[in-house]
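Residues 138 to 665 in my numbering are what the sequence shown lists, from first letter to last. Beta carbons: idealized from backbone N, C-alpha and C, even for Gly. Note that the structure is predicted; figures quoted are calculated from it, not measured. Some notes on the structure that comes next.
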Amino acid sequence: MKKALKVFLIFVISVLILAGAAAFIAPAFLTTPLKKALTEEFSRQTDQDFILDFSAFDISLLRRSITVDSIVVRPDSASPHIRKISASSVSIAGIHWFSLINKPFPNFERIIIQQPDVELYSRDFSSSAFANSGNNPTDDITKKLATFDLIINKGKGRIIRPNKQEIFRVDDISVEARDVNINELLDGSQLIFMDNLIINGSGLRLSMERKLYEITAGDFSFNKKSQYASLADFALTPLAPKYRFSEIKNRQIDRIDLNIPGLEFIGFDLASLAKRHFELDSLHISGARMEVFRDKYKERPPGIHPKPLLYEIATSTDFSFGLNKAVISNANITYEEHKPPAQKTGSITFNNINAAIQDFRTQSHPKFQDDSLKLNVETLFMNTSRMTLDVRYAAFDRNNTHTVSVNLDSFDPKEAGDMLQNVGFVKIEDGLVESLNANYSLNSKSASGDVRLLYRDLKVSFLNKDNPEKTGLKQQFGDFIANTFVLKSDNLGENARTGEISFERDIEKSIFAYWWKSLLDGIKEVIK
């Protein structure tokens, strides 16, 4: 990217050099020689690494402008960094011609680029691509240029691999930057740190081929002064069907399909990134839909793979990050898995999710030791029953100490029948859950607490795990024993039983699985 920026700025400087030489001579007589001179000057400034072509060169003394139309910059065979830079026109406006009295070329107020199209090779995005080389042949010239405004209208661009495979693209982007300093642009990727910077556009696409995903977004906007950014129709899309996804990875893995119609980032200071710190006041997520599928017919990856809890996540980087609040509204999550030997999948849904997350910090943040993360969720479980979740998490505690509170209103367990039958191998014949209330504490090793589950008329069938479709006298006898002597069909009234949670964490399971398995441990204590 820095290389492309240098080429563009060299073009601008070349135009200014020629404009200074020709400003007081009738431009009409100079079109052909100016075109030739500009091409030669550009080639000289870029050490003959690039070829410049354009259709017209216009100098207007009265309008105080210079316009170059139909520009195309191509590398020669020995310069592979940039594939192409083009624009329908580049205009240098608000030129102060009388500044030529004591300067080699004039001051100007703004550069306007119409419909630029940039195509780069992916290797430009190395760590050194944004470093100041300290060997810029135009340094002496750029130090003499005043600041200016940069306006880019309806641009587009893409990044490709040498085999022409596309990695990233943007279909439409417009930029407005005030008081631009060329040296700041050349000294690394300084554009986003400029004051009064506004970016708008649409059509983002990022290919993550090795991870079998692509990221896309529709309209986007960024206003540095207002400390606001937004994305519409953000999507993380898997590039393979459900079962094929695991086959390609050759292991058990979650396949995530995510779409977020609205994302807003409010209250941030990009300049703080220079000090490896980023503070975000609030993040708003609207209308998100996420589907997760896991094929458990595939083996888990060999070895032990611990899943991090919040303390491990917060201390995994020396970058200082702070999020004051994240608000999620009207979201939907579906989790589906296929567990052997079941012939069908089981799934559960959380619908109309409204949630708030407060006070997440990384270890390097000044307030890391001060705040505990707070999570509040309200949702419809299986789109039928109101469920709330409250979490208080001391992320700064290396023991990952936190508390979870779960409440569920009246619920017909048959609503989760396919999950219970195809994953838990339990078929609910009858019964109704009146309510569920659980409060438990967890840390890096274990969970403890209690569950109060009120239900009535519970009747179940335990399926054959080796063949869930198989039924017979033996199966029926087992169901009779379970419903008569093992499971308690009712748990109501003042003497209702409370289940005790005493669960040891499986370090290879996620934190959400940890919460669920702990809750399930208490539920089993109630119904047995």
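- I336 places its beta carbon less than 8 Å from that of F359.
- Checking the DSSP bridge columns, you'll see E428 partnered with D394 and T471.
- Burial check for T454: the Cβ neighbour count within 10 Å stays below 16, so the residue is exposed.
- Taking a contact as a CB-CB distance under 8 Å, the pair T452 and Q500 counts as one, their CB atoms being some 4 Å apart.
- Remark: three or more beta-carbon pairs, one from each stretch, lie closer than 8 Å, so the region 465-474 and the region 484-504 are flagged as touching.
- In this structure, T183 keeps its C-beta atom at 8 Å or more from the C-beta atom of V209.
- DSSP places D418 within a strand segment (E or B) once states are collapsed to three.
- In this structure, L526 keeps its C-beta atom at 8 Å or more from the C-beta atom of L460.
- For S655, the enclosing alpha helix (DSSP H) has its first and last residue at I648 to I664.
- A direct Cα-to-Cα measurement between S484 and D643 gives close to 22 Å.
- Its chain contains S522, R523, M524 and S572 as the residues whose beta carbon lies nearer than 8 Å to that of D546, once the 5 sequence neighbours on both sides are disregarded; these appear in chain order.
- Counting the other Cβ atoms within 10 Å of the Cβ of M331 gives 16 or more, which makes it buried.
- Distance from the CA of I494 to the CA of R342, rounded to the nearest whole angstrom, comes to 28 Å.
- Within the model, the alpha-carbon separation for D496 versus L591 is close to 35 Å.
- The C-alpha of I385 is placed about 37 Å away from the C-alpha of I660.
- In this chain, the beta strand (DSSP E) harbouring K221 covers I219 to A230.
- Spatial neighbours of R535 in its own chain (CB-CB distance under 6 Å, excluding positions within 5 residues in sequence) are listed in chain order as Y448.
- Annotation: E303 is outside any alpha helix (DSSP H); the continuous beta strand (DSSP E) that includes it extends over E303 to V317.
- Under the criterion of beta carbons closer than 8 Å, F458 and H421 do not qualify as touching, at roughly 18 Å.
- Here the region 439-447 makes no contact with the region 476-483; the two share fewer than three CB pairs at distances below 8 Å.
- Just so you know, the alpha carbons of P445 and E177 end up roughly 59 Å apart.
- A Cβ-Cβ contact shorter than 8 Å links F245 with I229.
- In this structure, E436 sits near Q389, with a CB-CB distance shorter than 8 Å.
- In this structure, I296 lies near S259, with their beta-carbon atoms less than 8 Å apart.
- When secondary structure is reduced to three states using DSSP, K444 falls in the coil class, being assigned neither helix nor strand.
- Pairing R247 with I288 gives a Cβ-Cβ distance under 8 Å.
- Judged by beta-carbon spacing, T538 lies within the 8 Å limit of N580, meaning their Cβ atoms are closer than that value.
- Contact check for R220 against E256 passes: the beta carbons are separated by less than 8 Å.
- Beyond the five residues adjoining it in sequence on each side, F533 comes within less than 6 Å, by CB distance, of F505 and Q506 in the same chain, given in chain order.
- DSSP, reduced to helix, strand and coil, places D555 within a helical segment of the structure shown.
- It is roughly 13 Å from the alpha-carbon of I188 to the alpha-carbon of A141.
- Within the region 470-541, the runs of beta strand (DSSP E) that reach at least 3 residues and sit entirely inside it are, in chain order, 483-498, 510-518 and 522-530.
- Counting along the chain, F371 sits inside the beta strand (DSSP E) bounded by residues Y365 to P375.
- A check of alpha carbon separations from R298 across D555, P477 and H218 identifies H218 as the nearest.
- D394 is positioned such that its CB atom lies no closer than 8 Å to that of R431.
- Residues N544 and R589 of the same chain have their beta carbon placed closer than 6 Å to that of N574, with the five preceding and five following residues left out of the count.
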